[in-house]
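Some notes on the structure that comes next.
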Amino acid sequence: MRMKLIVDANKIVSCLLKDGKVRRILFSPTFELYTIHYAFEEIEKHEDKLLNKVSKPAFELTLTKARLKIKNIGFSADDKRLIQSAKQIAAEFDADDYPFLALALKLGIPI
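In terms of the working numbering, the sequence shown is residues 3 to 113.
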């Protein structure tokens, strides 16, 4: 059985820029990965800046592989309470991380 993990946009960016531990973990068959539905959109907004650090072919190849490996999950109106709970939890350490906490709660993945 594969371990389920939530991946934030920063880890995906790390994977795109460097062939290191993060990339090996993200592409390992040991893990089943999930992210919020707009994580890749956020990365694409910063593509020009990221391409200053890595070649376009390498970036595009790794991004395509990441898109295939990491499942994007969205939220619906039914998730409103879950999102509120995640906001309360995230307020204690990093309020911006609440979507990732909400996703973990939605999928039943330990935080």
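We treat Cβ as the ideally placed atom computed from N, Cα and C, and that holds for glycine.
By the beta-carbon neighbour count (other beta carbons within 10 angstroms, threshold 16), Y40 is exposed. According to the DSSP assignment, Y36 belongs to the beta strand (DSSP E) that extends over F33 to I38. By the neighbour-count definition (other C-beta atoms within 10 Å, threshold 16), T37 is a buried residue. Pairing I91 with L103 gives a Cβ-Cβ distance under 7 Å. Annotation: F33 to M5 spans about 5 Å, alpha carbon to alpha carbon.
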